[in-house]
Amino acid sequence: MEFVLIAIAIVLVALVAGVGLLVGRGRRTTRLDDDAASGTTLTRPRPPAAPPTAERPPAGATASGLGVAPAEPDAVTPDAPPEVELPPAVAEPDLVFETPPPSAGRLVRLRSRLARSQSSLGRGLLTVLARERLTEDDWEEVEETLLAADVGVAATTQIVDRLRTQAMVLATASPADLRALLVRELTAVLGPDLDRTLGTDRREGRPGVVLVVGVNGAGKTTTVGKIARVLVGDGRSVVLGAADTFRAAAADQLETWGERVGVLTVRGREGADPASVAFEAVRTGVEAEVDTVVVDTAGRLHTKSGLMDELGKIKRVVEKQSPVTETLLVLDATTGQNGIVQARVFTAAVEVTGIVLTKLDGTARGGIVVSVQRELGIPVKLIGLGEGADDLAPFEPEVFAEGLVGGAD
Ligand SMILES: Nc1nc2c(ncn2[C@@H]2O[C@H](COP(=O)(O)OP(=O)(O)OP(=O)(O)O)[C@@H](O)[C@H]2O)c(=O)[nH]1
Ligand SMILES: [Mg+2]
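Residue numbers for the sequence shown follow UniProt numbering, beginning at 1 and rising by one.
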């Protein structure tokens with residue numbers, strides 16, 4: 001009897017040890033792609049239904065053919081959370097990516113999304129200006145309409161002054177002429193001569209680097225995803241950097257955008273140093289010789305000095321690899337003047353070269369474009385006109401003014 005019990009115990013111990021070994025091996029293989037040195041991971045777009053793969057490529061092989069060698073498995077920290085599996089080294093022939101439309105002409109297509117501004121600003125102004133003899137009260141109404149649309153005091157004064165000098169013309173103008181006149185005056189305050197070229201081109205044999213900054217929820221990640229699509233649509237090659245390591249979901253969100261158009265995302269573990277992720281992203285872009293690396297950042301509203309430190313560090317570290325060619329500040333148009341106050345914190349921290357105004361589809365205050373540009377002295381380069389993947393357009397003053405006034409579609 002005793003012998004039987006001992007035999008059962010031995011069998012049980014052997015079984016437990018065997019299961020333990022298997023579990024251990026399983027875990028080890030899923031972490032093979034974890035680059036413990038930098039805390040970053042390279043993920044290659046793959047179809048959603050792709051079978052999981054935890055195989056390490058043969059020695060000397062590179063992840064996704066981009067010249068980025070995965071780290072040695074021995075260097076993995078035991079407590080590291082499981083990372084995304086390494087994609088197969090060979091290209092998958094069945095990958096189907098979306099082909100976004102090119103950026104040219106997007107604003108013409110999207111300008112009807114300015115409907116909310118159009119009904120309060122454009123129609124309001126046209127109705128008043130069409131009156132037979134304009135009284136002081138009428139001019140005051142014009143002024144109030146412009147101010148209510150966030151056009152700002154200086155630009156409102158300019159528009160009203162210029163319209164008043166043309167009162168004789170207005171008295172006899174046809175509706176079409178009136179519309180044209182209003183479009184012209186609005187265009188004039190939108191800075192038609194500002195350089196709005198997006199700095200995305202390769203420079204001195206290195207990729208262009210676009211850094212995207214802004215407060216919580218302004219639309220940074222969405223904008224980075226949409227910019228990737230604009231660039232892909234225009235025939236450029238792109239790498240994305242998920243330097244928002246504050247939440248894991250932020251990197252997932254960005255990666256999903258990249259996957260749809262076949263763009264690679266470099267990401268870090270939650271809590272990793274944002275500057276090191278940005279550095280890795282740009283290094284990957286340099287090695288792969290892509291046209292542009294676009295880096296998303298976290299939107300925490302830091303204390304001013306914290307923000308300066310973090311963004312400044314990201315820029316400095318990135319520029320060890322390649323110069324930052326564009327720093328875009330994303331502002332939510334629905335926050336109005338408040339957004340301008342927030343913007344000043346960022347412009348003090350980094351040299352912002354362009355503004356992206358998002359959610360213009362959700363506000364009646366389209367005139368915010370005018371005040372943002374005037375108060376910050378930085379051109380609006382892109383505008384967001386919806387949650388759809390291709391609802392981001394290069395900013396064109398005249399087309400925008402036409403959208404505000406309406407009646408052209
Ligand atoms: N209607 C509309 N919604 C937009 C636009 N751009 C972004 N959004 C929405 O705004 C929300 C926030 O966007 P995110 O891109 O996650 O913002 P974020 O700045 O990255 O946010 P954090 O990472 O939390 O700082 C999402 O629901 C977007 O779909 C736009 O142009 N129009
Ligand atoms: Mg984000």
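Just so you know, even glycine gets a beta-carbon here, dropped at the ideal spot from N, CA and C.
| Check | Outcome |
| --- | --- |
| Counting only the same chain and skipping the five closest in sequence on each side, list residues whose C-beta sits under 8 Å from that of A154. | R374 |
| Between the alpha carbons of L126 and G336, how many angstroms are there, rounded? | 24 Å |
| The beta strand (DSSP E) that contains E326, what's its start and end? | V324 to D332 |
| Could you tell me which whole beta strand (DSSP E) segments of length 3 or greater appear in the stretch 187-237? | 208-213 |
| If I measure Cβ to Cβ from T334 and keep anything under 6 Å in the same chain, skipping five residues before and after, which residues do I get? | K359, G362 and T363 |
| Would you check if the stretch 222-240 and the stretch 198-211 touch, i.e. whether three or more CB-CB distances between them fall below 8 Å? | yes |
| Is the closest heavy atom of ligand 2 to the C-beta of G299 under 7 Å? | yes |
| Using alpha carbons as the reference points, say which of L231, G235, R300 and V356 lies closest to F246. | R300 |
| Taking only three categories from DSSP, how would you classify R27? | Interpretation of R27 is limited by its pLDDT of 28, a score under 50 that renders its predicted location unreliable; the figure taken from the coordinates is listed afterwards. Helix at R27. |
| Ligand 1 heavy atoms versus the CB of A228: any closer than 7 Å? | no |
| Answer with buried or exposed for P101, where buried requires no fewer than 16 other C-beta atoms within 10 angstroms of its C-beta. | exposed |
| What do you reckon, are the CB atoms on L163 and T156 nearer than 8 Å? | no |
| Alpha carbon to alpha carbon, how far is A171 from R111? | 29 Å |
| With DSSP collapsed to three states, give me the class of A180. | helix |
| Decide if the stretch 341-357 is in contact with the stretch 232-248; the criterion is three or more beta carbon pairs, one per stretch, under 8 Å apart. | no |
| Spell out the partners DSSP gives P394 in its beta bridges. | L382 |
| Rounded to whole angstroms, what's the CA-CA distance from R123 to E387? Just pull it up for me. | 25 Å |
| Return the residue from the list E144, G407 and K381 that minimises the CA-CA distance to T223. | K381 |
| Looking only at its own chain, which residues have a Cβ that is under 6 Å from the Cβ of R260, when we skip the five neighbours before and after it? | E98 |
| Could you tell me the distance, in whole angstroms, from the CA atom of S38 to the CA atom of A243? | For S38, the predicted structure reports a pLDDT of 47, less than 50, and the residue's modelled location is therefore unreliable. The matter cannot be settled from this model. |
| I believe S322 touches R206 by the beta-carbon criterion, under 8 Å. Please report the beta-carbon distance rounded to the nearest angstrom. | 4 Å |
| With H, G and I counted as helix, E and B as strand and the rest as coil, what does DSSP make of T358? | strand |
| How many angstroms separate the CA atom of V210 from the CA atom of T327? | 6 Å |
| Enumerated in chain order, which unbroken segments of the alpha helix (DSSP H) with a length of 4 residues or greater are wholly contained in the stretch 257-306? | 274-288 |
| Of the choices G407, L392 and G406, whose alpha-carbon is the least far from that of S103? | L392 |
| In chain order, what residues of the same chain have a beta carbon less than 7 Å from the beta carbon of A401, not counting five sequence neighbours either side? | V183, L186, T187 and L190 |
| Starting from A130, trace the alpha helix (DSSP H) in both directions and tell me its first and last residue. | Taken as a continuous stretch (DSSP letters only), A130 belongs to no alpha helix (DSSP H), as it is neither H nor E. |
| Would you tell me roughly how many angstroms separate the C-alpha atoms of V286 and D138, rounded to the nearest one? | 59 Å |
| Would V169 be called buried (16 or more neighbouring beta carbons within 10 Å of its own) or exposed? | exposed |
| Using three-state DSSP, classify V239 as helix, strand or coil. | strand |
| V108 lies in the alpha helix (DSSP H); which residues open and close that run? | R106 to L110 |
| If you reduce the DSSP assignment to three classes, tell me which class D161 lands in. | helix |
| Can you tell me where the alpha helix (DSSP H) with S371 in it begins and where it stops? | I368 to L376 |
| Could you give the C-beta distance for G377 and V356, rounded to a whole number, given that I count them as a contact under 8 Å? | Rounded, the Cβ-Cβ distance is 16 Å, inconsistent with contact. |
| Does DSSP put Q337 in a helix, a strand or coil? | helix |
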